[in-house]
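Worksheet: one structure, shown below.
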Amino acid sequence: MNTADAGPSERLKRAGPFLKWAGGKGQLLSQFASLYPRKIERYLEPFVGSAAVFFDLRERFAGLRATVSDNNKELIRCYEDVRDDVEGLIRRLRQHKARHGREHYYGVRGRSLGRLSPVARSARLIYLNKTCYNGLYRVNARGEFNVPIGSYKNPGIFKEDQFRAASAALQEVRLEVRDFSACLRDARAGAFVYFDPPYDPVSRTASFTGYTERGFGVTEQERLAGIFRELDAKGCLVMLSNSDTPLIRKLYRGFRLKSVTARRAINSNGRRRGAIGELVVMNYAPGKG
Ligand SMILES: C[S@@+](CC[C@H](N)C(=O)[O-])C[C@H]1O[C@@H](n2cnc3c(N)ncnc32)[C@H](O)[C@@H]1O
Numbered sequence: 110m111n112t113a114d115a116g117p118s119e120r121l122k123r124a125g126p127f128l129k130w131a132g133g134k135g136q137l138l139s140q141f142a143s144l145y146p147r148k149i150e151r152y153l154e155p156f157v158g159s160a161a162v163f164f165d166l167r168e169r170f171a172g173l174r175a176t177v178s179d180n181n182k183e184l185i186r187c188y189e190d191v192r193d194d195v196e197g198l199i200r201r202l203r204q205h206k207a208r209h210g211r212e213h214y215y216g217v218r219g220r221s222l223g224r225l226s227p228v229a230r231s232a233r234l235i236y237l238n239k240t241c242y243n244g245l246y247r248v249n250a251r252g253e254f255n256v257p258i259g260s261y262k263n264p265g266i267f268k269e270d271q272f273r274a275a276s277a278a279l280q281e282v283r284l285e286v287r288d289f290s291a292c293l294r295d296a297r298a299g300a301f302v303y304f305d306p307p308y309d310p311v312s313r314t315a316s317f318t319g320y321t322e323r324g325f326g327v328t329e330q331e332r333l334a335g336i337f338r339e340l341d342a343k344g345c346l347v348m349l350s351n352s353d354t355p356l357i358r359k360l361y362r363g364f365r366l367k368s369v370t371a372r373r374a375i376n377s378n379g380r381r382r383g384a385i386g387e388l389v390v391m392n393y394a395p396g397k398g
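If you're matching positions, the sequence shown starts at 110 in the numbering used here and goes up one per residue.
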């Protein structure tokens with residue numbers, strides 16, 4: 110069946126991440142399935158990235174009311190455009206796909222964002238994300254995307270049906286550009302909050318934290334642990350994933366910890382890629398709540 114002819118519930122089932130994002134949780138979803146609370150009505154995801162967990166929960170929990178946010182403005186604008194003008198976005202992506210090549214890539218990369226319409230900016234982000242080296246979203250100190258072209262023979266770029274499915278899943282979802290701490294304002298008792306912050310580095314050389322201009326160091330991990338505890342005190346159900354490091358174990362002492370295994374796709378030292386222990390922290394008993 111062509112997704113363009115599919116009904117809304119059929120489309121929801123096919124929705125999934127359409128961006129390659131550092132730390133994407135796609136490969137952990139099967140391990141996460143048994144760790145979610147039994148029932149979720151209100152959902153907040155303050156480090157949404159490629160939204161793998163959001164799309165998964167949207168399919169699992171009918172009627173889910175979600176607020177997803179990130180401090181990356183371009184990323185959130187992109188979700189807004191997928192939600193509100195998916196056909197306009199698809200038209201622009203078709204043009205990029207037809208013209209793809211070295212000259213087109215660097216022309217698009219060098220374009221001044223201020224001159225582009227919102228949908229053109231989002232199409233640019235998706236196109237560069239899918240064709241750049243390592244699928245790595247990285248900006249320099251001036252906030253400019255500076256990754257070279259990847260060497261894919263035939264980059265997929267995008268599937269139209271995938272975007273229509275994501276658009277269906279994003280309907281009625283609240284999207285916000287904001288710091289993770291802002292979730293404290295609107296998370297009420299009973300809400301489920303999932304945090305997937307930039308990783309605490311397992312070693313000094315494996316410190317990929319440059320998603321945006323500002324990194325995410327120890328102080329930020331501590332600030333996040335404070336928010337986790339405040340949400341716990343408010344009666345929210347809170348889940349967090351991070352690297353299995355002494356700092357993370359110390360910050361979340363007293364909460365339920367579960368080890369899962371992930372393959373890290375992005376690491377500053379290529380030889381260190383491979384299976385790695387990741388921790389899931391929960392303030393509730395999985396399958397209950
Ligand atoms: C590990 S990624 C999230 C991965 C995501 N869960 C997925 O499946 O792709 C971390 C995200 O946190 C965002 N971020 C970094 N610092 C932040 C902050 N202070 N407040 C909100 N978002 C932040 C980054 O822009 C990035 O998208």
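Backbone N, C-alpha and C define an ideal beta-carbon position, used for all residues, glycine too.
Residue range of the alpha helix (DSSP H) that includes Ala342: Residue mapping note: residue 342 aligns to position 233 of the sequence shown, counting from 1. Segment Val327 to Lys343, the alpha helix (DSSP H) holding Ala342.
Inter-residue spacing [alpha-carbon to alpha-carbon] between Ser226 and Phe156: The residue labelled residue 226 in the question sits at position 117 within the sequence shown. The residue labelled residue 156 in the question sits at position 47 within the sequence shown. One C-alpha to the other measures close to 25 Å.
Span separating the alpha-carbon of Phe170 from that of Arg283: The residue labelled residue 170 in the question sits at position 61 within the sequence shown. The residue labelled residue 283 in the question sits at position 174 within the sequence shown. Straight-line Cα distance between these residues: approximately 17 Å.
Classification of Gly96 by the beta-carbon crowding that lies within 10 angstroms, buried from 16 upward: There is simply no residue 96 to check, as the chain begins at 110 and stops at 398 in what is shown.
Separation of Ala274 from Met391, as counted between CA atoms: Here residue 391 corresponds to residue number 282 of the sequence shown, with the count starting at 1. Here residue 274 corresponds to residue number 165 of the sequence shown, with the count starting at 1. Cα to Cα, the separation comes out at about 30 Å.
Length of the line joining the Cα atoms of Ser368 and Lys359: As a position in the sequence shown, residue 368 is number 259, starting the count at 1. As a position in the sequence shown, residue 359 is number 250, starting the count at 1. Cα to Cα, Ser368 sits roughly 15 Å from Lys359.
Distance between beta carbons of Pro126 and Gly132, contact taken as under 8 Å: Residue mapping note: residue 132 aligns to position 23 of the sequence shown, counting from 1. Residue mapping note: residue 126 aligns to position 17 of the sequence shown, counting from 1. Actually they are not in contact, since the Cβ atoms of Gly132 and Pro126 sit about 12 Å apart, beyond 8 Å.
Coil, strand or helix - Asn180 by DSSP: On the sequence shown, residue 180 is found 71 positions in, with the first residue counted as 1. It is coil, neither helix nor strand.
Gly326 to Phe289 span [Cα, whole Å]: For the purposes of this step, residue 326 is identified with residue 217 of the sequence shown, where counting begins at 1. For the purposes of this step, residue 289 is identified with residue 180 of the sequence shown, where counting begins at 1. Cα to Cα, the separation comes out at about 14 Å.
Which listed residue (Arg123, Leu138 and Lys129) has its alpha carbon closest to that of Thr370: Here residue 370 corresponds to residue number 261 of the sequence shown, with the count starting at 1. Of the candidates Arg123, Leu138 and Lys129, the one whose C-alpha sits nearest the C-alpha of Thr370 is Leu138.
Beta-carbon proximity of Tyr242 to His205, cut-off 8 Å: Numbered from its first residue, the sequence shown carries residue 242 at position 133. Numbered from its first residue, the sequence shown carries residue 205 at position 96. In this structure, His205 does not lie closer than 8 Å to Tyr242 by Cβ.
Identified DSSP bridge partners for Arg365: Counted from its first residue, the sequence shown places residue 365 at position 256. According to DSSP, which records beta bridges pairwise, Arg365 is partnered with Met391.
Classification of Leu333 by the beta-carbon crowding that lies within 10 angstroms, buried from 16 upward: By 1-based counting over the sequence shown, the position of residue 333 is 224. By the 10 Å Cβ count, Leu333 comes out buried.
Classification of Leu222 by the beta-carbon crowding that lies within 10 angstroms, buried from 16 upward: Start at 1 with the first residue of the sequence shown, and residue 222 comes out as number 113. Exposed: under 16 other Cβ atoms inside 10 Å.
Which listed residue (Val389, Gly344, Pro257 and Val191) has its alpha carbon closest to that of Asp353: As a working note, residue 353 is residue 244 in the sequence shown. The shortest C-alpha separation from Asp353 is found at Val389.
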